[in-house]
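Chemist: Line by line, the protein sequences are chains A and B.
For the first sequence, this note's numbering assigns the number 32 to the initial residue and increments by one for each residue that follows.
For the second sequence, this note's numbering assigns the number 16 to the initial residue and increments by one for each residue that follows.
All residues carry an ideal CB built from backbone N, CA and C; glycine is no exception.
Quick caveat: nothing in here was measured; it's all calculated off a predicted structure.
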Amino acid sequence: MENHFFIENGLIAILAASIITYMFRFGGLILADRLPQTGPLRYFLDALPGTILVSLVVPSAENAGWQGLIGVAACLGIYAKTKNLLLTMITGVLTVYLIRLFC
Amino acid sequence: MTNAKPANTSTQKHSSLYKGAIANIPLAISAITYGGVLGVLSAQNGVTWAEMSAMNILMFAGSAQFVMVDMWHTPLSVVAISITVFIINLRYLLIGASLQPVFSGHSLWRKALFMHLVADENWAVTIAEHRKSGTDPFFLLGGGLLLLFAWSSGTLAGNLVGSFINQPEKYALDFAFTAVFAALTLSLWRGKGDVAPWLVSMGLALICEKFLPGKWYIIIGGIGGALVSAFFDHKRKNN
Chain A
32 MENHFFIENG
42 LIAILAASII
52 TYMFRFGGLI
62 LADRLPQTGP
72 LRYFLDALPG
82 TILVSLVVPS
92 AENAGWQGLI
102 GVAACLGIYA
112 KTKNLLLTMI
122 TGVLTVYLIR
132 LFC
Chain B
16 MTNAKPANTS
26 TQKHSSLYKG
36 AIANIPLAIS
46 AITYGGVLGV
56 LSAQNGVTWA
66 EMSAMNILMF
76 AGSAQFVMVD
86 MWHTPLSVVA
96 ISITVFIINL
106 RYLLIGASLQ
116 PVFSGHSLWR
126 KALFMHLVAD
136 ENWAVTIAEH
146 RKSGTDPFFL
156 LGGGLLLLFA
166 WSSGTLAGNL
176 VGSFINQPEK
186 YALDFAFTAV
196 FAALTLSLWR
206 GKGDVAPWLV
216 SMGLALICEK
226 FLPGKWYIII
236 GGIGGALVSA
246 FFDHKRKNN
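Structure, rendered in structure tokens:
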């Protein structure tokens, strides 16, 4: 019988992700003196968070069609103005909801 | 004033712990709302409160949890999740490295224990405090504990509320992820130098999403764009 707390592989995935994350936190502190302060690896690491998020968001926006593109534009506008994540989410959802309702 | 010495008395430790928590209050409030957003999304993807709690306590990493929740479908690929989390949380290597002055002179087990509760928020507050007047690892831990409490409250409340919403598409709740990620992406924009890497990521992600299974497009797009950045930045700085 399946348990109701974790999906198959769920706990293993969480444990694996947790160990990886911890290794970086602790490992970074331990490796502190040996990490490059300049050079290609440093630029690569600095650029990574941004490029990952771009890769994540663009296909999902594209899958939401033209309604999604308008929704994303609204989100970017609100976030640039307010820097408020919750407000941005509400704006995006509301925009797409209204477009789907009327178009 | 030089506060760089390790806090040895228990009064000093408690006062640092308390000061760290107080300094992180504004960030904890934003962690509650941000966690609430993730909680609602997690319920939409069928993530249970037990899974959410395990992620909160064992992993304690906001953006990686967002992506994991997004990938939470059967069959669940441990390899794909591990690689994605590996890539997203690589930055903790640098964050950990930057905390070296705060931990200098403290024991290895203290380093091993306290580093688990390092998030972007308490890290930033601690580094700022350390540059201003010097601080110790207990300040960092105080912030971490408060953030863990805020983050758990937010995500679990959202998870509970979210499970009552049955038809996410009807209310465009399926778009909530895209909305949040678009905003987060914007906050990571560093200037003109990001144009080429981000365009490459965009192209790679769109192509790979059509032709490859699972979430590989995130990994390939992310690495591809960052490689472009490494190449151009390195070349520019050398000229």
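Pull up the CB-CB distance for G58(A) and T193(B), whole angstroms please, since I reckon it's below 8 Å.
Modeler: Your numbering for residue 58(A) matches position 27 in the first sequence. Your numbering for residue 193(B) matches position 178 in the second sequence. No, G58(A) and T193(B) are not in contact; Cβ-Cβ is about 33 Å, not under 8 Å.
Chemist: Secondary structure at N71(B), three-state DSSP: helix, strand or coil?
Modeler: Position 56 of the second sequence, counted from the start, is the residue given in the question as residue 71(B). Three-state result, N71(B): helix.
Chemist: Flag F133(A) as yes if its beta-carbon sits less than 8 Å from any beta-carbon of chain B, otherwise no.
Modeler: On the first sequence, position 102 is the one that residue 133(A) refers to. So no, F133(A) is outside the interface.
Chemist: Is the region 50-65 of chain B touching the region 164-182 of chain B, taking contact as three or more C-beta pairs under 8 Å?
Modeler: They touch, by the three-pair rule.
Chemist: Is the distance from the Cβ of L60(A) to the Cβ of L109(B) below 8 Å?
Modeler: Your numbering for residue 60(A) matches position 29 in the first sequence. Your numbering for residue 109(B) matches position 94 in the second sequence. No.
Chemist: Does the count of Cβ pairs from the region 203-215 of chain B and the region 44-56 of chain A closer than 8 Å reach three?
Modeler: With a cut-off of 8 Å, the region 44-56 of chain A and the region 203-215 of chain B do not count as touching, because too few Cβ pairs lie within range.
Chemist: Once you ignore the five residues that flank S168(B) on each side, which residues in its own chain have a CB closer than 8 Å to its CB?
Modeler: The sequence position of residue 168(B) within the second sequence is 153, counting from 1. Correct list, in chain order: I47 and G50.
Chemist: Does DSSP put K114(A) in a helix, a strand or coil?
Modeler: For this step, residue 114(A) is matched to residue 83 along the first sequence. In this structure, K114(A) counts as coil in the three-state DSSP scheme.
Chemist: Leaving aside the five residues before and after A231(B) along the sequence, list all residues of the same chain whose C-beta is less than 8 Å from its C-beta, in chain order.
Modeler: Locating residue 231(B) in the second sequence gives position 216, where the first residue counts as 1. According to the sequence displayed, residue 231(B) carries Trp and not Ala. Counting only Cβ-Cβ distances below 8 Å, and skipping sequence neighbours, we find A95 and C223.
Chemist: How about W204(B): is its Cβ closer than 7 Å to a heavy atom in the ligand MN?
Modeler: The ligand MN is absent from the structure shown, which contains no ligands of any kind.
Chemist: If you count every other CB in all the chains shown that lies within 10 Å of the CB of I44(B), and 16 or more means buried, which is it?
Modeler: Looking up residue 44(B) in the second sequence gives position 29. Exposed.
Chemist: Thinking C-beta only, is A36(B) closer than 8 Å to G157(B)?
Modeler: In the second sequence, counting from the first residue as 1, residue 157(B) sits at position 142. In the second sequence, counting from the first residue as 1, residue 36(B) sits at position 21. Taking 8 Å as the Cβ cut-off, G157(B) and A36(B) qualify as a contacting pair.
Chemist: Can you tell which of Q98(A), F133(A), T69(A) and T119(A) has the C-alpha that lies nearest to the C-alpha of A198(B)?
Modeler: Indexing the second sequence from 1 puts residue 198(B) at position 183. Selected option, being the one with the closest Cα: T119(A).
Chemist: Please list the terminal residues of the continuous alpha helix (DSSP H) segment that includes S122(B).
Modeler: Indexing the second sequence from 1 puts residue 122(B) at position 107. S122(B) -> no alpha helix (DSSP H), and no H or E assigned at all.
Chemist: Kindly list, in the order they appear in chain A, the residues whose Cβ is closer than 9 Å to that of G240(B).
Modeler: Counted from its first residue, the second sequence places residue 240(B) at position 225. Simply A78, L79, G81, T82, I83, V85 and S86.
Chemist: Rounded to whole angstroms, what's the CA-CA distance from K252(B) to K225(B)? Just pull it up for me.
Modeler: The residue given as residue 252(B) occupies position 237 in the second sequence. The residue given as residue 225(B) occupies position 210 in the second sequence. Their Cα atoms are separated by approximately 36 Å.
Chemist: Going by C-alpha distance, which of L123(B), G111(B) and A165(B) is nearest A139(B)?
Modeler: Along the second sequence, one-based indexing puts residue 139(B) at 124. For the residues L123(B), G111(B) and A165(B), the minimum Cα distance to A139(B) belongs to G111(B).
Chemist: Identify, in the order they occur along the chain, each residue of the same chain with its Cβ nearer than 6 Å to the Cβ of G99(A), setting aside the five sequence neighbours on each side.
Modeler: By 1-based counting over the first sequence, the position of residue 99(A) is 68. Only A92 meet the Cβ criterion.
Chemist: For a contact defined as C-beta to C-beta under 7 Å, what are the partners of N104(B) on chain A?
Modeler: As a first step, residue 104(B) is located in the second sequence; it is residue number 89 there, counting from the start. Within chain A, the residues near N104(B) are I51, T52 and F55.
Chemist: Anything in the region 112-132 of chain B with a Cβ closer than 7 Å to a Cβ of chain A? List those residues in chain order, please.
Modeler: Under the 7 Å Cβ criterion, the region 112-132 of chain B contributes A112, L114, Q115, F118, K126, A127, M130 and H131.
Chemist: For a minimum of 4 consecutive residues, which ranges assigned as the alpha helix (DSSP H) are wholly contained in the region 118-196 of chain B?
Modeler: Correct list: 123-129, 135-148 and 152-177.
Chemist: In the DSSP assignment, find the alpha helix (DSSP H) that holds K225(B) and state where it starts and stops.
Modeler: As a position in the second sequence, residue 225(B) is number 210, starting the count at 1. Here the alpha helix (DSSP H) through K225(B) covers V210 to F226.
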